[in-house]
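Participant: Pasting in a structure now, in structure tokens, and then I'll have a few things to ask.
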Amino acid sequence: MTAPFGRRLCEVSENRASGGYRLFSLIDEEGPEPEPGQFYMLASEQHWEQRSQRPLLPRALSVAEATPLTSSLTANSAAKDEVSDGLRLDFLIEGIGPGTDRLCELREGEGVWVNGPLGNTFSPPRELSAGAAGAILVGGGIGIAPLALLRRNFAAQNIPTRVLLGFRDAAHSGGLDDLFACCEVRLASDDGHAGHHGYVTDLLASMLAGDDASSAAVYACGPPPMLDAVGSMCLAAGVACELAMESPMACGYGACFGCAVPKPGGGYLRLCVDGPVVRAGEVETAHA
Amino acid sequence: MPDFCGIELRHEVINASGTFDAIAARRVYGDTLLERFPFSAFVSKTITPEARVGNQPQRIWETPAGMINSIGLPNKGLAGFLAEDLPQLAELPVPLIVSVMATGRDEFARLVTAVGERPEVAAMELNVSCPNVHSGLIVGEQPAETEALLEALRPLTEKPLIVKLTPNVADPAAVAVAAAQGGADAVSLINTLKASAIDPATGQPGIAAGHGGLSGPAVRPVAIAQVRAVAAAVDVPIVGMGGISSGADGLEFLAAGATLVAVGTENFRDPRAGDRVAGEIAGAFEAARSGSLSRRHS
């Protein structure tokens, strides 16, 4: 299912604190349901380029949850007469510059220009037999967002899934209660404020040391050093691994060639149309 | 219906080379792209004789009301373009203009000959002004070099040749005059302005190459001045561009002397920007015809 051609105006339905991050929701009445890992280019309708002449370009945000909205027709209450009111799209965000700061301030009822869903998605684990280790989701910081939709998607397919999440400190963490309330999560934190005192990759290392690990598939999203570490560990252990990456992106649909990521043999991927999900080893480094 | 070098176009708005990849966009948006194609002609990304992978990242940097880019002309080279890209671009519902660039006259001649003989191609744009590739600077900065290049290429094809002018010269009109004297059918301007910005986090340029080309609304007044200067100096049609994001912006360029206008950076914000700008221009023309446009002095 392709994205609607062009950008469309969607309304903000909610924006609230989620730990140290913000979680905001948009009502998308036009677009198809996104796949896990896909992203949208977002820009507020008002006060986008007007303030200090930045931001100008839309910002790429992975979708964290997509919930179909329906309402019953009043004339007939039969369930099959429910009509679609579109999707509620949830985005987890941390203000780190003029664009993300503006998106953090969005208020209910404001308009947001939306282009998407864009990009590719994760592939399911190849090994799905009864004894298989299933999926291991590894998230770091704001990078936990696309893993929420992936976890829900795998749960719907009865794919066994374990979730490992790491955060720098309490101020740089969030989304847990809102996006992962439903399931067991193993936590790590750099400062020891929650879970294992150390990196989330420590948790992954012990998990991969288990004797069923060869049938596992690892899905990671987080800061580049974490992605590089996860990719190396999985390549060394012979475990299938996909990384959801980020790079500077002006357009999101292959036009600007800004999001180039080096491939190991030379040349570049365009992360917007060749990613944002790549196989470990498909890129030289996650440091875009 | 504007006529541009004998090519009849649906409206005045085309794309700036390198700001819209119709092949990638069709993968993303499907055939709706063809049904609602935003431009009245499509200008390809620049092709070079041999394939290029492009520059090392970081390639783009947002600046006040603009952005700097240093992409480095990634493309499949002439053979790859003809075999893989041209058949797909031929499916677009509008005339195709192929942008070409080479480091020497012989190589330029090879490109113009090979591309010009393809029936899918309506016209060619000669990239003599891209500030990201060292070789691009030389010809486009020198009126004599530009005229000599055109004299060499002009006999090789009957198709229109458009010269893309660089704004990074003291007198772009002198280069435009030389291009027209050499046989150019049209000129397009402006290409990006040489620019740099420092990343406050590192103290180093935000662009890995150290500098790049500035585009977006920030460059529009510079572009308007250059289009006016060129329009006063040559009789060939002008494709005006530089920070166009609305019909009002496009009308500025038409008033300054452009025959067509091109949308560039705004495509990144809005994939259908070309269509929107064209609609707004048509609306303004219609309003002027019906006499409802009040005179404003602001």
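For the record, the sequence lines run as chains A and B.
Residue numbers for the first sequence follow the numbering used here, so the first one is 1 and each next one is one higher.
Residue numbers for the second sequence follow the numbering used here, so the first one is 1001 and each next one is one higher.
Ideal Cβ positions, reconstructed from N, Cα and C, are used throughout, including at glycine.
Values in this document were obtained by computation on a predicted structure and should not be read as measured data.
1. Can you give me the C-alpha to C-alpha distance between residue 160 of chain A and residue 127 of chain A, rounded to a whole angstrom?
2. Tell me which same chain residues have a C-beta within less than 8 Å of the C-beta of residue 102 of chain A, skipping the five on either side of it?
3. What are the complete beta strand (DSSP E) segments, minimum 3 residues, inside the stretch 117-157 of chain A?
4. Within its chain, find whatever has a CB closer than 8 Å to the CB of residue 1110 of chain B; leave out the 5 residues flanking it on each side and keep chain order.
5. Would you report the Cα separation of residue 1131 of chain B and residue 263 of chain A, rounded to the nearest angstrom?
6. At which residues does the alpha helix (DSSP H) containing residue 1029 of chain B begin and terminate?
7. To the nearest angstrom, how far is the alpha carbon of residue 1136 of chain B from that of residue 1108 of chain B?
8. So, for residue 1133 of chain B: in the same chain, excluding its five sequence neighbours on each side, which residues have a beta-carbon less than 8 Å away from its beta-carbon?
9. Rounded to a whole number of angstroms, what is the C-alpha to C-alpha distance between residue 280 of chain A and residue 217 of chain A?
10. Would you list, in chain order, the members of the stretch 1-12 of chain A that have their beta-carbon closer than 8 Å to a beta-carbon of chain B?
11. Where does residue 230 of chain A land, buried or exposed, given buried means 16+ other C-beta within 10 angstroms?
12. Please state whether DSSP places residue 189 of chain A in a helix, a strand or coil.
13. Residue 1089 of chain B versus chain A: which residues are under 8 Å apart at the beta carbon?
14. Anything in the stretch 33-47 of chain A with a Cβ closer than 9 Å to a Cβ of chain B? List those residues in chain order, please.
15. So which of A/152, A/202, A/200 and A/145 has the shortest CA-CA distance to residue 293 of chain A?
16. Can you round the beta-carbon distance between residue 1243 of chain B and residue 1217 of chain B to whole angstroms, since I take them to be within the 8 Å contact cut?
17. Compute every distance between the C-beta of residue 1257 of chain B and the non-hydrogen atoms of the ligand FMN, then say whether any falls below 7 Å.
18. Based on the DSSP secondary-structure assignment, which residues constitute the bridge partners of residue 1212 of chain B?
19. Would residue 233 of chain A be called buried (16 or more neighbouring beta carbons within 10 Å of its own) or exposed?
20. Following the continuous beta strand (DSSP E) through residue 226 of chain A, name the residue where it begins and the one where it ends.
21. In the structure shown, what three-state DSSP assignment does residue 1236 of chain B receive?
22. Within 10 angstroms of its Cβ, does residue 1275 of chain B collect 16 or more other Cβ (buried), or is it exposed?
23. State the start and end residues of the unbroken beta strand (DSSP E) segment that holds residue 1067 of chain B.
24. Show which residues of chain B have a CB atom less than 7 Å away from the CB atom of residue 54 of chain A.
25. From the DSSP output, in three-state form, read off residue 1188 of chain B for me.
26. Go to residue 1285 of chain B, then tell me how far its alpha helix (DSSP H) extends in each direction, as first and last residue.
27. Have a look at A/239, A/23 and A/113 and flag the residue whose alpha-carbon is nearest the alpha-carbon of residue 5 of chain A.
28. Using a C-beta to C-beta distance shorter than 8 Å, which residues of chain A count as neighbours of residue 1271 of chain B?
29. My output table needs one value for residue 1072 of chain B: the three-state DSSP class, helix, strand or coil.
30. Less than 8 Å between the beta carbons of residue 1162 of chain B and residue 1187 of chain B, yes or no?
31. Report the three-state DSSP secondary structure of residue 96 of chain A (helix, strand or coil).
32. Check whether the stretch 170-185 of chain A touches the stretch 246-262 of chain A, taking contact to mean three or more Cβ pairs, one atom from each stretch, closer than 8 Å.
33. Quick one: grab the DSSP three-state call for residue 1204 of chain B.
34. Start and end of the alpha helix (DSSP H) containing residue 1077 of chain B?
35. Have a look at the DSSP bridge pairing and note the partners of residue 166 of chain A.
36. Select from A/84, A/14 and A/90 the residue whose C-alpha is nearest the C-alpha of residue 108 of chain A.
Facilitator: In brief:
1. The residue labelled residue 160 of chain A in the question sits at position 160 within the first sequence. The residue labelled residue 127 of chain A in the question sits at position 127 within the first sequence. Each residue's Cα considered, the two are about 11 Å apart.
2. The count along the first sequence starts at 1 and reaches residue 102 of chain A at position 102. The residues are 44, 47, 48, 51 and 55.
3. 134-140
4. Translated into positions along the second sequence, residue 1110 of chain B becomes position 110. Here the set comprises 1049, 1078 and 1102.
5. By one-based count along the second sequence, residue 1131 of chain B stands at place 131. By one-based count along the first sequence, residue 263 of chain A stands at place 263. Residue confidence is low: residue 1131 of chain B scores 41 on pLDDT, short of 50, so the model does not pin down where it sits. Its coordinate-derived value is still stated next. In a straight line, the C-alpha of residue 1131 of chain B is about 26 Å away from that of residue 263 of chain A.
6. What you label residue 1029 of chain B is simply residue 29 of the second sequence in a count that begins at 1. Taken as a continuous stretch (DSSP letters only), the alpha helix (DSSP H) holding residue 1029 of chain B covers 1022-1029.
7. Against the second sequence, residue 1136 of chain B aligns to sequence position 136. Against the second sequence, residue 1108 of chain B aligns to sequence position 108. Bear in mind that the predicted position of residue 1136 of chain B carries a pLDDT of just 45, short of 50, making it unreliable; the figure below should be weighed with that in mind. Going from the Cα of residue 1136 of chain B to the Cα of residue 1108 of chain B covers about 12 Å.
8. As a position in the second sequence, residue 1133 of chain B is number 133, starting the count at 1. With a pLDDT of 44 at residue 1133 of chain B, under the threshold of 50, the modelled position of this residue cannot be trusted, and the question is left open.
9. Locating residue 280 of chain A in the first sequence gives position 280, counting from the first residue. Locating residue 217 of chain A in the first sequence gives position 217, counting from the first residue. For residue 280 of chain A and residue 217 of chain A, the distance between alpha carbons rounds to 11 Å.
10. 2, 3, 4, 5, 6 and 7
11. Within the first sequence, residue 230 of chain A is the residue found at index 230, counting from 1. Counting Cβ neighbours within 10 Å, residue 230 of chain A comes out buried, since at least 16 surround it.
12. Residue numbering aside, residue 189 of chain A sits at position 189 when the first sequence is read from its first letter. Reduced to three states, the DSSP call for residue 189 of chain A is strand.
13. As a working mapping, residue 1089 of chain B is identified with position 89 in the second sequence. Under the 8 Å cutoff, chain A gives no residues; its nearest Cβ is about 14 Å from residue 1089 of chain B.
14. 41 and 43
15. Not covered by the structure: residue 293 of chain A. The range shown for chain A is 1 to 288.
16. Here residue 1243 of chain B refers to the residue found at position 243 of the second sequence. Here residue 1217 of chain B refers to the residue found at position 217 of the second sequence. Confirmed, about 4 Å.
17. Inclusion of the ligand FMN in the displayed structure is not the case, the ligand content being empty and no account of it being possible.
18. Counting from 1 along the second sequence, the entry for residue 1212 of chain B is found at position 212. DSSP, once it has assigned bridges, lists B/1195 as partnering residue 1212 of chain B.
19. Walking along the first sequence from the start, residue 233 of chain A turns up at place 233. Buried, since its Cβ has 16 or more Cβ neighbours within 10 Å.
20. Locating residue 226 of chain A in the first sequence gives position 226, where the first residue counts as 1. No beta strand (DSSP E) holds residue 226 of chain A; the alpha helix (DSSP H) holding it covers 224-237.
21. Numbered from 1 along the second sequence, position 236 holds the residue referred to as residue 1236 of chain B. Residue state, collapsed to three classes: coil.
22. Within the second sequence, numbered from 1, the residue matching residue 1275 of chain B stands at position 275. Its Cβ being crowded by 16 or more others within 10 Å, residue 1275 of chain B is buried.
23. Here residue 1067 of chain B corresponds to residue number 67 of the second sequence, with the count starting at 1. Segment 1066-1069, the beta strand (DSSP E) holding residue 1067 of chain B.
24. Taking the first sequence and counting its residues from 1, one reaches residue 54 of chain A at position 54. Under the 7 Å cutoff, chain B gives 1062 and 1064.
25. Numbered from its first residue, the second sequence carries residue 1188 of chain B at position 188. Looking at residue 1188 of chain B - three-state DSSP - the assignment turns out to be strand.
26. The residue labelled residue 1285 of chain B in the question sits at position 285 within the second sequence. Taken as a continuous stretch (DSSP letters only), the alpha helix (DSSP H) holding residue 1285 of chain B covers 1273-1289.
27. Taking the first sequence and counting its residues from 1, one reaches residue 5 of chain A at position 5. Nearest of A/239, A/23 and A/113 to residue 5 of chain A, Cα basis: A/113.
28. In the second sequence, counting from the first residue as 1, residue 1271 of chain B sits at position 271. What residue 1271 of chain B touches in chain A: 5, 6, 7, 115, 251, 253 and 255.
29. By 1-based counting over the second sequence, the position of residue 1072 of chain B is 72. In this structure, residue 1072 of chain B counts as coil in the three-state DSSP scheme.
30. As a position in the second sequence, residue 1162 of chain B is number 162, starting the count at 1. As a position in the second sequence, residue 1187 of chain B is number 187, starting the count at 1. Taking 8 Å as the Cβ cut-off, residue 1162 of chain B and residue 1187 of chain B qualify as a contacting pair.
31. Residue 96 of chain A sits at position 96 when you count from the first residue of the first sequence. Note: residue 96 of chain A maps to coil in three-state DSSP.
32. no
33. Against the second sequence, residue 1204 of chain B aligns to sequence position 204. Correct three-state label for residue 1204 of chain B: strand.
34. What you label residue 1077 of chain B is simply residue 77 of the second sequence in a count that begins at 1. 1077-1080 is the span of the alpha helix (DSSP H), which, as asked, contains residue 1077 of chain B.
35. Working through the first sequence from its first residue, we reach residue 166 of chain A at position 166. Its beta-bridge partners are A/140 and A/188.
36. Residue numbering aside, residue 108 of chain A sits at position 108 when the first sequence is read from its first letter. Out of A/84, A/14 and A/90, A/14 has the C-alpha closest to the C-alpha of residue 108 of chain A.
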